[in-house]
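Participant:
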Amino acid sequence: MDQTIREALRSTRRASSRQAQSAASSLLPSIDQAEIDLLDREFGLQSITGLIERKPEQFLLSLETSGFFTSNAALVPGPERSDWVGRPGLRGAWFPKLSDDINLLAMASYSLWRYADLQELDFDDFGGQFGMQYNRGRGQLPGGMSRLNGWLQYRYQRLTSPWNWGSRLYETHFLEAGLRQGWALGSEVTAWVGGNTAFSLEGAPGGFRRHEHSAQFGALWQLSPRLSLTGLYRLAWFDYAEVSRDDVNHLLFLGLGYQVTSALRADLFVSGIFNHSDISIFDYQALNTGVSIIVSHAW
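Here numbering that gives the first Met the number 0 is used: the first residue of the sequence shown is 0, the next is one more, and so on.
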């Protein structure tokens, strides 16, 4: 995930304080996590046993929790304050297949962001998306990835004060399109390049409405049937719609994942975030490291 959340909370929670022009944002995802959790887009795999074709899975329900340490909780140029963050959440998805290569995807998620020391930054995060995906060579590459993945979707996000849906801190509506091409480098490694663009249709506060354009490349190494290593670099340009501001954002990510059972997955991750803005108070960098656990069921 990008840094929209923290930046939005800067202006809505502390508009009366110039020195608190930053607050909490998402660090890593959710894939929401279209950018990091690439396997979120690989739903709907179909298996064949003998001459009997199993009905394709169409629904997913997952309980997700993560805890991580961040070196710069408020995403400010300085002085930086580190903190521990907990993020439990729930995700549901429906992904009916329209053909062998095309499926719909409707997904909703709700998560709680809770800070150990900077509790004034706590917030709740609701996200939803609906669209269409194209997957050529679905599940053929190491790690279960598709050879070619494209998508067109509507995406929504709303942030509120803890346990208070009516207290809106940030809200955005996007129309997004993306494409990713993957290649098998031997029997255990997948490499890919991709990009996406998301146009802001509406949002509040207006000063944080922005169009997002990004490119990425990465690789997944299937170390064993259950253990995988993923590396990713993403370059993003954030073009703000209602104010004169442009940001260039760099994200480096390294994750080690273990599929404990078919329903349980655990990941260790470390990431570095570097943001360069033409408004100096929005220049920042942060190092994040932690663990995530996902319990899911598809049917």
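Cβ atoms here follow ideal geometry from the backbone N, Cα and C, with glycine treated the same way.
For a test of the three-state rule: what should DSSP assign to histidine 117, helix, strand or coil?
Facilitator: Taking the first residue of the sequence shown as 1, we reach residue 117 at position 118. Note on identity: in this sequence residue 117 is leucine, with histidine being the wrong assignment. In the structure shown, leucine 117 sits in coil (DSSP, three-state: anything other than H, G, I, E or B).
Participant: State the beta-bridge partners of leucine 191 as determined by DSSP.
Facilitator: Here residue 191 is taken as the residue at index 192 of the sequence shown, counted from 1. It is tryptophan, not leucine, that sits at residue 191 in the sequence shown. DSSP lists Gly181 and Gly217 as partners of tryptophan 191.
Participant: Within a Cβ cutoff of 6 Å, which residues of the same chain sit near serine 276, ignoring the five residues on either side of it in sequence?
Facilitator: By 1-based counting over the sequence shown, the position of residue 276 is 277. For serine 276, where only same-chain residues beyond five positions count, the Cβ hits under 6 Å are Asp246 and Asp282.
Participant: Roughly how many angstroms lie between the CA atoms of proline 299 and threonine 64, to the nearest whole one?
Facilitator: Residue 299 is absent from the model: the chain starts at 0 and stops at 298.
Participant: Tell me, which residues are paired with arginine 167 by DSSP?
Facilitator: What you label residue 167 is simply residue 168 of the sequence shown in a count that begins at 1. In the DSSP output, where bridge partners are listed per residue, arginine 167 has Thr159.
Participant: Tell me whether asparagine 148 counts as near the ligand GTP, meaning its Cβ is closer than 7 Å to at least one heavy atom of that ligand.
Facilitator: Among the ligands in the structure shown, none appear at all, so the ligand GTP cannot be discussed.
Participant: Identify every residue that forms a DSSP beta bridge with valine 242.
Facilitator: The count along the sequence shown starts at 1 and reaches residue 242 at position 243. Paired residues: none, contrary to the question.
Participant: Could you tell me the distance, in whole angstroms, from the CA atom of tryptophan 162 to the CA atom of aspartate 123?
Facilitator: Taking the first residue of the sequence shown as 1, we reach residue 162 at position 163. Taking the first residue of the sequence shown as 1, we reach residue 123 at position 124. Between tryptophan 162 and aspartate 123, the C-alpha separation is close to 7 Å.
Participant: In whole angstroms, give me the CA-to-CA distance for asparagine 287 and leucine 74.
Facilitator: By one-based count along the sequence shown, residue 287 stands at place 288. By one-based count along the sequence shown, residue 74 stands at place 75. Cα to Cα, the separation comes out at about 12 Å.
Participant: What's the call for tyrosine 239, buried or exposed, on a 16-neighbour Cβ count within 10 Å?
Facilitator: In the sequence shown, counting from the first residue as 1, residue 239 sits at position 240. Classification for tyrosine 239: buried.
Participant: Could you please give me the residues that DSSP links to aspartate 99 through a beta bridge?
Facilitator: Taking the sequence shown and counting its residues from 1, one reaches residue 99 at position 100. None, per the DSSP bridge assignment.
Participant: Is the stretch 180-192 touching the stretch 205-212 in the sense that three or more CB pairs, one from each, lie closer than 8 Å?
Facilitator: No: the two stretches stay apart, fewer than three of their Cβ pairs being nearer than 8 Å.
Participant: Do isoleucine 101 and tyrosine 133 have their CB atoms nearer than 8 Å?
Facilitator: Position 102 of the sequence shown, counted from the first residue, corresponds to residue 101. Position 134 of the sequence shown, counted from the first residue, corresponds to residue 133. Against a cut-off of 8 Å, the Cβ pair of tyrosine 133 and isoleucine 101 comes out as a contact.
Participant: Give the DSSP bridge partners of aspartate 123, in chain order.
Facilitator: On the sequence shown, residue 123 is found 124 positions in, with the first residue counted as 1. BP columns for aspartate 123 point to Leu111 and Thr159.
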